[in-house]
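Below is one structure, written out as structure tokens; the observations come after it.
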Amino acid sequence: MEEKARHGKKPNQKLKTYLVMQYLIRESDEDHPQNADEIVSYLETVGIFAERKSIYKDIRDINIANLIIENGITAEEAEIMLDEDPKDEYDTRLVKLNRKRGFYVVPRHYSIEDIRFLAECIGASKFIPEKKAKELVKGLTEDYVSIHQQAQIITDTFVVERTRKLNPSLIYDITTLNNAIKGYKDYDGKRVAPHKVSFLYKKADINNFDNSVSRRRGERYTVSPYKVIIHDGNYYLLAVDDKYKQLRTYRIDRIAELKAMQEKKENKELFENINIDQYIKRKFQMMSGKEVLVTLQFTASLLDTVLDRFGAKGVNYRKIDEHHFTVQTYIEVSDQFFGWLCGFGRRAKITAPEELKIKYKNHLDNISKLYEKSEA
Numbered sequence: 002m003e004e005k006a007r008h009g010k011k012p013n014q015k016l017k018t019y020l021v022m023q024y025l026i027r028e029s030d031e032d033h034p035q036n037a038d039e040i041v042s043y044l045e046t047v048g049i050f051a052e053r054k055s056i057y058k059d060i061r062d063i064n065i066a067n068l069i070i071e072n073g074i075t076a077e078e079a080e081i082m083l084d085e086d087p088k089d090e091y092d093t094r095l096v097k098l099n100r101k102r103g104f105y106v107v108p109r110h111y112s113i114e115d116i117r118f119l120a121e122c123i124g125a126s127k128f129i130p131e132k133k134a135k136e137l138v139k140g141l142t143e144d145y146v147s148i149h150q151q152a153q154i155i156t157d158t159f160v161v162e163r164t165r166k167l168n169p170s171l172i173y174d175i176t177t178l179n180n181a182i183k184g185y186k187d188y189d190g191k192r193v194a195p196h197k198v199s200f201l202y203k204k205a206d207i208n209n210f211d212n213s214v215s216r217r218r219g220e221r222y223t224v225s226p227y228k229v230i231i232h233d234g235n236y237y238l239l240a241v242d243d244k245y246k247q248l249r250t251y252r253i254d255r256i257a258e259l260k261a262m263q264e265k266k267e268n269k270e271l272f273e274n275i276n277i278d279q280y281i282k283r284k285f286q287m288m289s290g291k292e293v294l295v296t297l298q299f300t301a302s303l304l305d306t307v308l309d310r311f312g313a314k315g316v317n318y319r320k321i322d323e324h325h326f327t328v329q330t331y332i333e334v335s336d337q338f339f340g341w342l343c344g345f346g347r348r349a350k351i352t353a354p355e356e357l358k359i360k361y362k363n364h365l366d367n368i369s370k371l372y373e374k375s376e377a
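Read in order, the letters of the sequence shown correspond to residues 2 to 377 in my numbering.
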């Protein structure tokens with residue numbers, strides 16, 4: 002029966018070219034080419050019998066189809082383009098031939114280095130739950146590299162340990178928020194205008210870290226969303242709160258039961274009237290407080306750290322001597338700002354304004370009092 006299939010009309014031949022392509026995508030790369038005999042053996046394992054010479058035609062058809070898709074040309078133009086390609090370069094081919102060893106798939110859009118970088122970014126993202134991160138890395142590598150490269154990337158890449166249980170719906174919530182920010186077209190092609198959203202906003206429960214409790218005693222937040230921001234490995238929503246009519250930021254992984262609303266967004270001017278770059282720096286780097294123009298002095302060894310914190314644009318840096326420099330910028334003064342400054346000890350100090358120097362000294366005095374011996 003098998004012998005008859007080999008010499009007569011062979012079944013499932015329409016599947017053969019597709020299976021050859023998928024086999025090469027999965028099994029081959031520049032270091033692991035697959036020859037025609039290996040491809041024929043694979044086809045036999047799935048019940049398709051083929052002659053060795055037919056594999057060359059399949060690969061030619063794969064390359065022609067790829068040229069049609071990549072370049073938006075006709076089949077005739079693709080054949081000409083393939084035939085004119087220098088035999089020692091094969092620049093236009095999806096599948097190349099190493100004449101001594103076999104065929105292999107050429108990455109068209111992403112190199113293995115690109116895929117490794119993307120996989121590591123996924124693994125290092127705190128806002129992606131660990132299970133989802135592993136699924137994404139697995140899917141990414143299965144679709145774009147061979148099994149040999151996949152094993153190498155997954156071995157190289159680690160998933161950062163998550164310190165807390167994150168919202169598993171975060172990825173879908175981001176889509177809902179982006180739709181609310183920009184608007185979208187529904188299934189009938191009807192335009193849905195940018196709109197408000199509502200949600201519960203969670204915080205940790207000291208009695209049970211596996212569960213969280215709702216802020217505002219379970220009252221739903223209603224906001225007009227304007228921007229999604231990634232900072233320090235977390236997703237944030239920048240929105241105008243309906244209750245207080247103020248621009249505020251919310252950690253998206255702490256949002257629960259997110260719902261789109263029919264009401265259109267409001268208070269757009271509150272968002273448009275801010276310098277978004279400066280707002281983000283102040284909010285995320287020093288927390289909220291009264292905005293003050295301050296001058297800070299640091300030792301020279303802290304320049305990279307200060308640049309990471311404040312950036313260079315719109316900030317005034319001045320060298321004092323070989324060992325010190327100053328930076329002048331607007332800061333939203335808060336206990337968090339003082340805490341950040343405290344971390345540098347004697348290597349940093351406030352030089353202006355005078356009232357802020359006094360406020361910082363009082364802050365340090367109050368901390369010091371916590372460690373004074375109590376009277377007997």
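Glycine residues also receive a C-beta, built at the ideal position from the N, C-alpha and C atoms.
Got a sec? Which residues, its chain only, sit under 6 Å from residue i by beta carbon, not counting five neighbours each side?
{"i": "ILE281", "result": "none"}
{"i": "LEU248", "result": "VAL241 and LEU271"}
{"i": "TYR24", "result": "TYR43"}
{"i": "SER302", "result": "none"}
Grab the span of the beta strand (DSSP E) containing residue i for me, first residue to last.
{"i": "ILE321", "result": "317 to 322"}
{"i": "LYS291", "result": "291 to 300"}
{"i": "ARG249", "result": "247 to 252"}
{"i": "PHE104", "result": "103 to 106"}
{"i": "VAL96", "result": "96 to 99"}
Quick one, which of the options has its alpha-carbon nearest residue i's?
{"i": "SER215", "options": "ILE256, ASN180 and GLU373", "result": "ILE256"}
{"i": "LYS350", "options": "SER335, ILE368 and THR327", "result": "THR327"}
{"i": "ASN363", "options": "ILE230, PHE345, GLY340 and LYS374", "result": "GLY340"}
{"i": "LEU304", "options": "HIS324, ILE275 and ARG217", "result": "HIS324"}
{"i": "ILE231", "options": "ASP322, LYS58 and LEU171", "result": "LEU171"}
{"i": "ALA37", "options": "TYR57, ARG348, GLY344 and LEU141", "result": "TYR57"}
{"i": "TYR361", "options": "PHE345, ASP336 and LYS370", "result": "ASP336"}
{"i": "SER199", "options": "ASP189, ALA181 and SER213", "result": "ALA181"}
{"i": "LYS103", "options": "GLN35, ILE368 and VAL138", "result": "A small correction: the amino acid at residue 103 is Gly; Lys does not occupy that position in the sequence shown. It is GLN35."}
{"i": "LEU201", "options": "SER213, ASN208 and ASN209", "result": "SER213"}
{"i": "GLU258", "options": "LYS203, ALA76 and GLU80", "result": "LYS203"}
{"i": "MET380", "options": "ARG61, LEU98 and ILE26", "result": "As shown, the chain starts at 2 and ends at 377. That puts residue 380 outside it, with no answer to give."}
{"i": "LEU98", "options": "GLU31, LEU16 and ALA76", "result": "GLU31"}
{"i": "ILE70", "options": "ASP59, LEU95 and ILE113", "result": "LEU95"}
{"i": "LYS17", "options": "SER55, GLU28 and TYR105", "result": "SER55"}
{"i": "PHE50", "options": "ARG310, ARG218 and LYS15", "result": "LYS15"}
Return the CA-CA distance between residue i and residue j, expressed in angstroms with no decimal places.
{"i": "ALA66", "j": "TYR331", "result": "58 Å"}
{"i": "THR46", "j": "ILE40", "result": "10 Å"}
{"i": "TYR43", "j": "HIS33", "result": "15 Å"}
{"i": "ASN235", "j": "GLN279", "result": "19 Å"}
{"i": "GLN298", "j": "GLU373", "result": "29 Å"}
{"i": "THR250", "j": "LYS186", "result": "27 Å"}
{"i": "ILE74", "j": "LEU20", "result": "24 Å"}
{"i": "TYR91", "j": "ASN13", "result": "Because TYR91 sits at a pLDDT of 47, beneath the cut-off of 50, its placement in the model cannot be relied upon, and the point is left open."}
{"i": "VAL193", "j": "LYS260", "result": "15 Å"}
{"i": "LEU342", "j": "LYS314", "result": "21 Å"}
{"i": "ARG117", "j": "ASP254", "result": "26 Å"}
{"i": "ASP115", "j": "ILE148", "result": "16 Å"}
{"i": "THR142", "j": "ILE154", "result": "8 Å"}
{"i": "SER126", "j": "LEU119", "result": "11 Å"}
{"i": "LEU365", "j": "GLU292", "result": "20 Å"}
{"i": "ILE321", "j": "VAL146", "result": "53 Å"}
{"i": "ASP174", "j": "VAL229", "result": "11 Å"}
{"i": "GLU52", "j": "LYS11", "result": "10 Å"}
{"i": "ASN367", "j": "ARG310", "result": "26 Å"}
{"i": "SER29", "j": "VAL106", "result": "6 Å"}
Using DSSP bridges, identify the partner residues of residue i.
{"i": "VAL21", "result": "Paired residue(s): none; VAL21 is not in a bridge."}
{"i": "GLU333", "result": "GLU292"}
{"i": "PHE311", "result": "Beta-bridge pairing links PHE311 to no other residue."}
{"i": "ALA261", "result": "VAL198"}
{"i": "GLY124", "result": "BP columns for GLY124 are empty, so no partner."}
{"i": "ASP242", "result": "VAL224 and GLN247"}
{"i": "ASN235", "result": "HIS232"}
{"i": "THR327", "result": "GLN298 and ARG319"}
{"i": "LYS186", "result": "ARG192"}
Could you name the residues of the same chain whose beta carbon sits closer than 8 Å to that of residue i, not counting the 5 residues immediately before and after it, in chain order?
{"i": "VAL295", "result": "GLN329, THR330, TYR331, ILE332, VAL334, ILE351, ALA353, PRO354 and LEU357"}
{"i": "SER225", "result": "LYS197, ALA240, VAL241, ASP243, LYS266, GLU267, ASN268 and LYS269"}
{"i": "GLY184", "result": "ARG192, VAL193, ALA194, PRO195 and HIS196"}
{"i": "LEU137", "result": "ILE123 and ILE129"}
{"i": "LEU178", "result": "VAL198, PRO226, VAL229, LEU238, ILE253 and LEU259"}
{"i": "VAL316", "result": "VAL328, GLN329 and THR330"}
For residue i, which residues from the same chain have a beta carbon less than 7 Å from its beta carbon, with the 5 sequence-adjacent residues on both sides left out?
{"i": "MET22", "result": "ILE63"}
{"i": "ARG252", "result": "ASN235 and TYR237"}
{"i": "ARG319", "result": "PHE326 and THR327"}
{"i": "LEU68", "result": "ILE74, ALA79, MET82, LEU83 and THR93"}
{"i": "ARG221", "result": "SER199, PHE200 and LEU201"}
Could you give the first and the last residue of the continuous alpha helix (DSSP H) run that contains residue i?
{"i": "ASN67", "result": "53 to 72"}
{"i": "ASN179", "result": "171 to 183"}
{"i": "ASP366", "result": "355 to 370"}
{"i": "GLY140", "result": "131 to 145"}
{"i": "ASP32", "result": "No alpha helix (DSSP H) holds ASP32; DSSP gives it neither H nor E."}
{"i": "LYS269", "result": "269 to 273"}
Please indicate yes or no: does the CB of residue i lie closer than 8 Å to some heavy atom of the ligand FMN?
{"i": "CYS343", "result": "By its list of ligands, the structure shown contains no ligand whatsoever, and the ligand FMN lies outside what it can speak to."}
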